[in-house]
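Asker: Following this message is one structure expressed as structure tokens.
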Amino acid sequence: MVRFLPLFFLLLLTACASEAQDAANEMGDMTIEEFEPTSSLVVDENPVTRAKFPFVDVHSHHWRAATMTQGAADTLIMEMDAMNMAVIVNLSGRSGEALRMAIENMEKRYPNRIVTFANVDFEGVGGEGWTENAVAQLRADIEAGARGLKVYKNLGMDVVDTDGNRVAVNDPRLDPIWALAGEMGIPVLIHSADPPNFWKPRDKNNEKWLELKLRPNRYRPPGEYPPFEQIMDEHFDIMRKHRGTTFISAHMSWLGNDLGALGAKLDEHPNMVTEMGAVIYELGRQPRMAKEFLTQYKDRVMMGKDSYNPDEFHTYFRTYETEDEYFPYYRKYHAQWRLYGIGLSDDVLQHIYYKTAMNVIPGLDSALFE
Ligand SMILES: [Zn+2]
């Protein structure tokens, strides 16, 4: 009997191999990137296309605001009305003449509906009079109507000074800029670094594997960029040094996956608030923890979206407002998982939709939220 066993297993293996071959023939050579299973789960579905309360989108980019046509501006306002967006904050106002034109073209046309933030040009840090000029320009931009300063992630990663050295986020040569924002009562929305997984090995354990495969330039190889933790330490250091300035730490400080740590940062920095731009997939995978966090920190968190796409806002509303289960997120390479509704109370919704923003961004018209 014993001597026949190997033959038996050989036959079994051959049978399995041919079954696998049949399956391969039928299924083709689809890759894991193409895999898009339809959920068979049958549960209540409550899509939301209009927010329950008027809201402020504190994180948007309208690069062509200075030259947007009347027709395009009308369409934008119509889309905002349809989803109950009272105010949109254009973080890409630039400075000087471009900023003046963006404000003239958008804010004058639709008073109170559009807010414009200025940007500082970090080209030439370390050059003769750079800091004085940057401060004077920002002062002029605020006087021209900028209601905040937006700082892009290139600071701390790509910006170099006149000697070719990386400019850290907490470089002392920038201190007068942060101080001026505080003195003039405007917030600084600052985006530093990127999701921490962009610094990690691109292996099977990396949650951002697909994103790094499809967008290889998002990878941050050691040696080319400082460590994630270093950039974020610099980011929080300017908050410590400038308690009189309000900082909007963009994208939940990339701590949406660790709300305990984010809460600790908010506790440590009373002049810090945050926004949820492009990280709704973190909240939607932990509805119970997210509810607890947002309820506790409702005065410190604002609605932000980042890329402007009306349909994608619906996923944010559904995540905040419903208790739906296992519904799709719109961008597979951001997150391979589905989302769960948090079911926030009206009070918390009103805070994250507009009340917190009214405390942070100067000059919002309260009549829009009645
Ligand atoms: Zn952005």
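The numbering used here numbers the first residue of the sequence shown as 85 and each following residue consecutively.
Just so you know, even glycine gets a beta-carbon here, dropped at the ideal spot from N, CA and C.
Three-state secondary structure (DSSP) at Ala480?
Answerer: Nothing can be reported for residue 480: it is not among the residues displayed for the chain, which extend from 85 to 454.
Asker: Going along the chain, which residues put their C-beta within less than 7 Å of some heavy atom in ligand 1?
Answerer: So the residues near ligand 1 by this Cβ test are His143, His145, Leu175, His275, Ala334, Gly361 and Asp390.
Asker: Which residues in the same chain as Tyr392 place their Cβ atom closer than 6 Å to its Cβ, once the five residues preceding and following it in sequence are excluded?
Answerer: Only Ser144 meet the Cβ criterion.
Asker: Do Val142 and Ile332 count as a contact pair if the criterion is CB distance below 9 Å?
Answerer: The answer is yes: Cβ separation under 9 Å.
Asker: In or out: Trp147 buried (at least 16 other Cβ within 10 Å) or exposed?
Answerer: Result: exposed.
Asker: Enumerate, from N- to C-terminal direction, the unbroken beta strand (DSSP E) stretches of 3 or more residues contained entirely within the stretch 255 to 298.
Answerer: Qualifying beta strand (DSSP E) stretches, in chain order: 272 to 274.
Asker: Is the beta carbon of Tyr424 sitting closer than 9 Å to the one on Tyr410?
Answerer: Yes; because the gap between Cβ atoms is below 9 Å, this pair is in contact.
Asker: Considering only residues of the stretch 289 to 347, which uninterrupted beta strand (DSSP E) runs meet the minimum length of 3 residues and lie entirely inside it, listed in chain order?
Answerer: Entirely contained in the stretch 289 to 347, the beta strand (DSSP E) runs reaching 3 residues are, in chain order, 331 to 333.
Asker: Report the rounded CA-to-CA distance for Asn281 versus Gly232, giving the unit in angstroms.
Answerer: Asn281 and Gly232: Cα-Cα distance of roughly 30 Å.
Asker: Expressed to the nearest angstrom, what Euclidean distance is found between the alpha-carbon atoms of Met85 and Gln105?
Answerer: For Met85, the pLDDT reaches just 49, beneath the cut-off of 50, and the residue's location in the model is therefore unreliable, leaving the point undetermined.
Asker: So what does DSSP say about Met85, is it helix, strand or coil?
Answerer: In this predicted model, Met85 has a pLDDT of only 49, less than 50, meaning its place in the structure is not dependable; the value taken from the coordinates is given anyway. Residue state, collapsed to three classes: coil.
Asker: For the structure I just gave you, are there three or more beta carbon pairs, one from the stretch 261 to 274 and one from the stretch 210 to 230, closer than 8 Å?
Answerer: Verdict: yes, contact present.
Asker: In angstroms, rounded to a whole number, what distance separates the CA positions of Asp113 and Arg299?
Answerer: Between Asp113 and Arg299, the C-alpha separation is close to 22 Å.
Asker: Is the stretch 353 to 373 touching the stretch 297 to 314 in the sense that three or more CB pairs, one from each, lie closer than 8 Å?
Answerer: The answer is no - the stretch 353 to 373 does not touch the stretch 297 to 314, with fewer than three Cβ pairs under 8 Å.
Asker: Starting from Asp390, follow its DSSP beta bridges and name the residues at the other end.
Answerer: Paired residue(s): Ser144.
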